[in-house]
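Asker: Every letter in the sequence shown is one number past the one before it in full-length UniProt numbering, and letter 69, counting from 1, is 69.
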Amino acid sequence: MERFSYHRPSGLDEAVRAVGPHGKFIAGGTNLVDLMKYDVERPNRLVDVARIPGLDRIEPLPDGGLRIGALVSNSALAYDERVQRDYPLLSRAILSGASPQLRNAATTGGNLLQRTRCYYFYDAGTPCNKREPGTGCPARTGRNRIHAILGTSEHCIATHPSDMCVALAALEAVVRVSGPGGERAIPMAEFHRLPGDRPEIDTTLAPDEIVTAVDLPAPRFPRHFTYLKLRDRLSYAFALVSVAVGLEMEGETVRDARIALGGVAHKPWRVPAAEALLRGRTAGKEAFGEAAAALLQGARGFGDNDFKIELARRAINRALAQAAAGKPQSVADKRIA
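1) Measuring alpha carbon to alpha carbon, tell me which of 161, 132, 120, 106 ends up nearest residue 141.
2) Who pairs with residue 4 in a beta bridge, going by DSSP?
3) Going by the beta-carbon positions, is the gap between residue 89 and residue 236 smaller than 7 Å?
4) I believe residue 146 touches residue 240 by the beta-carbon criterion, under 8 Å. Please report the beta-carbon distance rounded to the nearest angstrom.
5) Nearest-angstrom Cα distance between residue 229 and residue 324?
6) Indicate the three-state DSSP secondary structure (helix, strand or coil) for residue 148 in the structure shown.
7) Smallest Cα separation from residue 131: which of 35, 10, 302?
8) Could you give the distance in angstroms between the alpha-carbon of residue 176 and the alpha-carbon of residue 214?
9) Are the beta-carbon atoms of residue 149 and residue 264 separated by less than 7 Å?
10) Would you identify the three-state DSSP class for residue 60, choosing helix, strand or coil?
11) On a Cα-Cα basis, can you pick out the residue from 74, 321, 306, 160 that is closest to residue 287?
12) What residue range does the beta strand (DSSP E) around residue 109 cover?
13) Between which residues of its own chain and residue 277 is the CB-CB distance below 8 Å, once the five residues before and five after are set aside?
14) Assuming residue 289 is part of the alpha helix (DSSP H), what are its boundary residues?
15) I'd like to check one pair, residue 173 with residue 188: are the Cβ atoms closer than 7 Å?
16) So, using beta-carbon positions, are residue 30 and residue 106 closer together than 7 Å?
17) What whole-angstrom Cβ distance do residue 28 and residue 110 have, given they're in contact under 8 Å?
18) When DSSP labels each residue in this structure, what does residue 72 get in the three-state scheme?
19) By alpha-carbon positions, which one of 63, 97, 67 ends up nearest to residue 54?
20) With a cut-off of 8 Å on the beta carbons, I'd call residue 45 and residue 20 a contact; round off their distance for me.
21) Give the C-beta separation of residue 242 and residue 16 to the nearest angstrom, bearing in mind that I take them to be a contact with Cβ-Cβ under 8 Å.
22) List the residues that DSSP assigns as beta-bridge partners of residue 156.
23) Quick one: give me the first and last residue of the alpha helix (DSSP H) that residue 309 is part of.
24) From the DSSP output, which residues share a beta bridge with residue 95?
25) Using three-state DSSP, classify residue 191 as helix, strand or coil.
26) Over what stretch of residues does the alpha helix (DSSP H) that includes residue 120 continue unbroken?
27) Cα separation between residue 338 and residue 25?
28) Secondary structure at residue 79, three-state DSSP: helix, strand or coil?
29) Apply the 10 Å Cβ neighbour rule to residue 22 and answer buried if 16 or more other Cβ atoms are within range, or exposed otherwise.
30) Which whole-angstrom value describes the C-beta separation of residue 47 and residue 9, a residue pair presumed to lie in contact below a C-beta threshold of 8 Å?
31) Tell me the DSSP bridge mates of residue 205?
32) Three or more beta-carbon pairs under 8 Å between the stretch 72–87 and the stretch 203–223, yes or no?
33) Let me make sure I understand the geometry here. Which of 312, 296, 129, 329 has the alpha-carbon closest to that of residue 197?
34) How would you write the range of the beta strand (DSSP E) that residue 45 sits in, first residue to last?
35) Give me whichever residues DSSP pairs with residue 425 in a beta bridge.
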């Protein structure tokens, strides 16, 4: 671990001024500290934002939605009564990730910014375009069982690891950030980016901007939803494939749909055209199969992860069936319903 200075600001403006071009904001530290220990991240300054007042609240919005402060812990968010009642998809997704100890420390803002769990990214002794641009992507021809099948580039096939972000994508949340230029709002669909030729850049956040909150729109999908997570073991593990689904149903007819995939791309994966295929259709295998095909159009494996394409297709169909029936995947019993 490299030497670094430590600063604890009293407010947002001070935090933004203090971070500098090579500094990092830290709150729970559940990802950043690991990366520093592995010599992957080498900030010259840590700016501790964990005690900035006002960012640890969940507050109602005028339109009926909720504003989630960036310092709200994953546990507090998942177990909040309003979230469990109005946004159960988000609660289930958070409870599907990490361990209770990590959820108690991890924050909403930090979850948005966590980095890939690619083997090569974490191993400072191997090349990695995400860690050191221009050195190559050995995952393309190496061990790539957990890697992306959608939105990849010749420079990177890493995946985004968050469960919470997949649900936020399906719910069409908005990320609020603050920086020297003031405040701005970034739709969840635009917050994370695909690797392209700059895989070292994970988000559209500027280096001197800080996440302050996440806004949830007015409640949707309180009954017909599911978060289905497929992983190597039922205990703490990252998703091979996950599916967040929210449906508006009228009898057996799908009136509206939102679907987001995790574990398959550099960002939570949404295809609005696939959702449109479900509108006005009878919930069933035919419609679900067409939506799955549209979501996975262009999917490509790299050897070890070829199985993910079929796994994702089946997961999408199963998740849509669960949501349509109003029988979401259980968090307590992780066996597939």
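We put the CB at the ideal spot given by N, CA and C, even for glycine.
Answerer: On the basis of the coordinates in this document:
1) Nearest C-alpha to residue 141: 120.
2) Paired residues: none, contrary to the question.
3) No; because the gap between Cβ atoms is not below 7 Å, this pair is not in contact.
4) Residue 146 to residue 240, Cβ: 7 Å. Contact.
5) Approximately 17 Å, taken between the alpha carbons.
6) If DSSP states are grouped into helix, strand and coil, residue 148 belongs with coil.
7) Per the Cα distances, 35.
8) One C-alpha to the other measures close to 6 Å.
9) Their beta carbons are under 7 Å apart, which means residue 149 touches residue 264 by this criterion.
10) Here residue 60 carries a strand assignment [DSSP, helix/strand/coil].
11) Measuring from the Cα of residue 287, the nearest candidate turns out to be 321.
12) Premise fails: residue 109 lies in the alpha helix (DSSP H), 108–113, not in any beta strand (DSSP E).
13) Excluding positions up to five away in sequence, the list reads 287, 290, 291, 294.
14) In the DSSP assignment, residue 289 falls within the alpha helix (DSSP H) that extends over 285–295.
15) Taking C-beta atoms as the reference points, residue 188 and residue 173 count as a pair closer than 7 Å.
16) The answer is yes: Cβ separation under 7 Å.
17) About 5 Å; that satisfies the 8 Å criterion.
18) In the three-state reduction of the DSSP assignment, residue 72 falls in the coil class.
19) Nearest C-alpha to residue 54: 67.
20) Correct: roughly 6 Å between the Cβ atoms.
21) About 33 Å separates the two Cβ atoms, so there is no contact after all.
22) The partner list for residue 156 (beta bridge, DSSP) reads 153.
23) Per DSSP, residue 309 belongs to the alpha helix (DSSP H) from 307–325.
24) Beta-bridge pairing links residue 95 to no other residue.
25) Residue 191 falls in the helix class under three-state DSSP.
26) Here the alpha helix (DSSP H) through residue 120 covers 119–122.
27) With the chain running from 1 to 337 in the structure shown, residue 338 is simply not present.
28) In this structure, residue 79 counts as helix in the three-state DSSP scheme.
29) Flag for residue 22 reads exposed.
30) Contact holds; Cβ gap of about 6 Å.
31) Partner residues in a beta bridge of residue 205, as assigned by DSSP, do not exist.
32) The answer is yes - the stretch 203–223 touches the stretch 72–87, with three or more Cβ pairs under 8 Å.
33) Taking each of 312, 296, 129, 329 in turn and checking the Cα distance to residue 197, the smallest one comes out for 129.
34) From DSSP, the beta strand (DSSP E) with residue 45 extends over 45–48.
35) The structure shown does not extend to residue 425, since the chain spans only 1 to 337, so no value can be given for it.
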